[in-house]
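Below is one structure, written out as structure tokens; the observations come after it.
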Amino acid sequence: MLSVDIRRDFPGFSLEVAHDFAMEGITALFGPSGCGKSTLLRVIAGLETGARGTVRLGAEAWQAPGRRALAPHRRGLGYVFQEARLFPHLDVAGNLRYAERRARQVPGRAFGFDDVVAALDLGPLLGRRTGALSGGERQRVSIGRTLLARPRLMLMDEPLAALDLRRKAGILPHIARLPQAFGVPVIYVTHAIDEVTQLADRMVVLSEGRKTAEGPVEEVLARLDLPPATGRFEAGAVAEARILGHDRTWNLTRLEVGGQALEMPEVDLAPGTVVRLRVRARDVSLATERPRGVSIRNILAAEVLEILPEPQTAFAEILLSVGGVRLRARLTRASVSDLGIAPGSAVFALIKSVSFDRRALVPAGPGEGEGTPAPEDAPPQASETPVQRSGSALHIGE
Amino acid sequence: MELPDAGPLWLSLRLAAVTTLILLVLGTALAWWLAGTRSRLKPLVEAVTALPLVLPPTVLGFYLLVMMSPNGPLGRLWLDATGSTLTFSFAGIVIGSVFYSLPFAVQPLQATFETIGRGPMEAAAMLRASPFDAFLSVMSPMALRGYLTAAVLTFAHTIGEFGVVLMVGGSIPGRTKVISIAIYEHVETIDYAAAHLLSAGLLVFSFLVLVFVYGVNRRFPGHRG
């Protein structure tokens, strides 16, 4: 457990956060630019002097009032910076060896140089100068270098923010695998909600220097009261679904969500596999009766839990329960009034599109892993349109 | 033919080499502090460092002479420690040169450190490198261009030194009679041929040094982090 209870004052801004970070899996530290999430990461690392309070890992106090803070290089942390910060006077292998040499005394020999090179596909880059690398390659080297320092915890500060969609999709699977493959927990700072849903198990939401929400990603994203950090356009809910089977005639895959069936274009996953779906609020419409004669095939019976009108706008957000699974719908306030719905109303949710966030949360059988990471230079998938931000997004046809 | 001015030439080279070595160490410490500090003393220290650029060498030399004379604080300390006087000695003109050439070492180093920023040091710390280790293994090689510039400028500036040496060292052959003082004495004795030889030598040397410095700056247009 990494326990943080700190305060850092700047002119016109203060960061004040108390949180216990779990030392397993991936925790997303999420919020808009300027909310203090990167500063919090730097405080944890000991790079930000001037923060008051305590930072402790288990019984080790890294920072405590009245005591000299533990120097950053003694904390056993890894840090992947947004700009990679590779050493320009060393080639790629030199950068990796730099970390490896300084981690010799660290106990535990679970993985070595070659394992990291293989896992991140760094072999072809080893002899290259760092200046000759693409943005995505730089971050892969940076992640590999950090792993070779054998950190107890890896801090990642928007490592994909400077990359285009295609390169992002090439690296995301590598990051998702870190906790399982290398036994290192990750705190991942980002302002991109698709990175949160594709990577994280838990999330902490920061807004203007304060913690506003925390918990499992599904729960946090289903809440309506959070500031629209992601922009309404991208807001939505995340739901776990199980693959039921495939319809080879129409090339469809059937999934089960909250006891009801959902269809999406065929994906190559075994029945029984649990996946994570993201349904954007703007892709969900509501009806009070089961509609007929519409092209939308995914019509789920749902119950209205909560209605949150947005003052001064035309819109309202509706929180729904589909057999216990939470979805969000975004309607105009006029529609809400016309339909006459209220908390407790039974409705039908018409789902126009689902994106598929993370392959195989729970593999159905052996050999079914997180999927092969897409090579960085592969052409973008045909299904990827500018609004469909996920790495492997798939539409449900209307 | 035996060169009459081999002595002063050799002395100038020795003085410049020793001064450069000392200043690269001292200048690193001072430049590193200046590049990283948020102290209110910073402009004060920067001003003191830059003083030799604008001060007449005779003024600097005069105060150094006062400090180094057997009754001055530095001179007495030196006399107690070594049994000899600091003024009119090689050690004396080395100390004088260190002050005189200070900005030529500190300013390029400070600019280089500021350009590189603390990012690479932080990255090294996150790879378990201690600050000293990180400075030697990351900062120094990244700052190589700054070190080259600082070394060359310090060396060249010290070679051409005149006023400070004259004030604290006088003109003792083999001890304090450096090349520029030799030129001055040739002119005084109306031996223009010898003065020409030395002056032209210094002129060509200075020119080549500057060509080298600007050439280096062009070939390595900064590092991409």
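Chains A and B, in that order, are what the protein sequence lines are. Numbers 28 to 425, taken from the working numbering, label the letters of the first sequence in order. Numbers 236 to 460, taken from the working numbering, label the letters of the second sequence in order. Backbone N, C-alpha and C define an ideal beta-carbon position, used for all residues, glycine too.
| field | Amino acids of chain A, ordered along the chain, whose beta-carbon sits closer than 7 Å to that of B:Gly354 | value | Close to B:Gly354, with beta-carbon spacing below 7 Å, are these residues of chain A in chain order: Arg112.
| said: DSSP three-state label for A:Gly418, please. | reply: The predicted model places A:Gly418 with a pLDDT of 35, which falls under 50 and marks its position as unreliable; any figure quoted below should be read in that light. Of the three classes helix, strand and coil, the one that applies to A:Gly418 here is coil, per DSSP.
| Distance between beta carbons of A:Arg360 and A:Glu19, contact taken as under 8 Å | Because chain A here runs from 28 to 425, residue 19 of chain A falls outside it and cannot be looked at.
| message | Taking the alpha helix (DSSP H) that A:Arg172 belongs to, which residues open and close that run? | response | Gly162 to Leu175
| query | Which of the three DSSP states, helix, strand or coil, is assigned to A:Gly263? | reply | strand
| query | Buried or exposed: where does A:Tyr106 fall if 16 or more other Cβ atoms within 10 Å of its Cβ makes it buried? | reply | buried
| query | Whole-angstrom Cβ separation of A:Ser41 and A:His218, contact assumed at under 8 Å? | reply | Contact between A:Ser41 and A:His218 does not hold, since the beta-carbon distance rounds to 20 Å and is not under 8 Å.
| So what does DSSP say about A:Ala219, is it helix, strand or coil? | coil
| query | Once you ignore the five residues that flank A:Pro206 on each side, which residues in its own chain have a CB closer than 8 Å to its CB? | reply | Glu51, Gly52, Ile53, Pro212 and Val213
| request: Determine contact between the region 160 to 168 of chain A and the region 190 to 199 of chain A, defined as no fewer than three beta-carbon pairs at a distance below 8 Å. | output: yes
| query | Which chain B residues are close to A:Tyr125, counting only those with a beta carbon under 9 Å from its beta carbon? | reply | What A:Tyr125 touches in chain B: Ala359, Leu362, Ala364, Ser372 and Val373.
| request: Determine, using beta carbons only, whether A:Ala72 and A:Leu187 come nearer to each other than 8 Å. | output: Between A:Ala72 and A:Leu187, the C-beta gap is not smaller than 8 Å, which leaves the two residues out of contact.
| Taking any Cβ of chain B, which residues in the region 157 to 172 of chain A have a Cβ under 9 Å from it, in chain order? | Correct list: Thr157, Gly158, Ser169 and Arg172.
| message | On a Cα-Cα basis, can you pick out the residue from A:Leu289, A:Arg319 and A:Ser362 that is closest to A:Leu327? | response | A:Leu289
| task | Inspect the CB distances between the region 392 to 404 of chain B and the region 241 to 261 of chain B and report whether three or more fall short of 8 Å. | result | yes
| message | My output table needs one value for A:Gln90: the three-state DSSP class, helix, strand or coil. | response | strand
| So A:Ala328 is in the alpha helix (DSSP H); what residue range does that whole segment cover? | In the DSSP assignment, A:Ala328 falls outside any alpha helix (DSSP H) and lies within the beta strand (DSSP E) extending over Ile326 to Pro336.
| query | Going along chain B, which residues have a C-beta under 9 Å from A:Ala72? | reply | Glu357, Ala360 and Met361
| Contained beta strand (DSSP E) runs [length at least 3] in the region 42 to 119 of chain A, N- to C-terminal order | 53 to 57, 79 to 84, 87 to 90 and 104 to 107
| Reduced DSSP category for B:Val216 - H, G, I as helix; E, B as strand; rest coil | Since the first residue of chain B shown is 236 and the last is 460, residue 216 of chain B is not available in this structure.
| message | Measuring alpha carbon to alpha carbon, tell me which residue in A:Ala266, A:Gly263 and A:Pro292 is nearest A:Thr276. | response | Cα-wise, what sits closest to A:Thr276 is A:Pro292.
| query | Once you ignore the five residues that flank A:Arg259 on each side, which residues in its own chain have a CB closer than 6 Å to its CB? | reply | Residue confidence for A:Arg259 is low, a pLDDT of 47 falling below 50, so the modelled location carries little weight; the figure read from the coordinates is stated next. A distance below 6 Å between beta-carbons, with the five flanking residues on each side excluded, links A:Arg259 to no residue of its chain.
| query | Span of the alpha helix (DSSP H) holding A:Gln287? | reply | Where A:Gln287 is concerned, there is no enclosing alpha helix (DSSP H), although the beta strand (DSSP E) it sits in stretches over Gln287 to Pro292.
| request: Would you check if the distance between the CB atom of B:Pro414 and the CB atom of B:Phe323 is smaller than 8 Å? | output: Going by the sequence as given, residue 414 of chain B is Ile instead of Pro. Result no, Cβ atoms of B:Ile414 and B:Phe323 do not sit closer than 8 Å.
| Nearest candidate by alpha-carbon position, reference B:Leu337, set B:Arg275, B:Ala346, B:Leu443 and B:Pro287 | B:Pro287
| request: Determine the direct distance from the alpha carbon of A:Leu192 to that of B:Phe348, and round the result to whole angstroms. | output: 35 Å
| message | Let me check understanding here. Comparing Cα to Cα, which of A:Ser322, A:Thr81 and A:Glu235 lies closest to A:Ala45? | response | For A:Ala45, the nearest C-alpha among the options comes from A:Thr81.
| task | Look at the Cβ atom of A:Arg269, then the Cβ atom of A:Val301, and state whether they are nearer than 8 Å. | result | yes
| task | Look up A:Glu35 in the DSSP assignment and give the residues it is bridged to. | result | The displayed chain sequence assigns Arg, not Glu, to residue 35 of chain A. The partner list for A:Arg35 (beta bridge, DSSP) reads A:Leu42.
| field | A:Gly299 versus A:Leu282: straight-line alpha-carbon distance, rounded | value | 9 Å
| message | Using 8 Å as the cut-off, can you tell me whether the region 141 to 152 of chain A makes contact with the region 96 to 116 of chain A, which would need three or more C-beta pairs spanning the two stretches below that distance? | response | Three or more Cβ pairs closer than 8 Å define a contact, and the region 141 to 152 of chain A falls short of that threshold against the region 96 to 116 of chain A.
| request: Compute the Euclidean distance between the alpha carbons of B:Met374 and B:Leu437, then round it to the nearest angstrom. | output: 34 Å
| message | So for A:Asp141, helix, strand or coil by DSSP? | response | Here A:Asp141 sits in helix by DSSP.
| task | Scan the region 318 to 343 of chain B for residues whose Cβ lies nearer than 8 Å to a Cβ of chain A and list them as they occur along the chain. | result | none
| query | Do you know how far the Cα of B:Leu401 is from the Cα of B:Leu300? | reply | 10 Å
| field | Three-state secondary structure assigned by DSSP to B:Ser372 | value | helix
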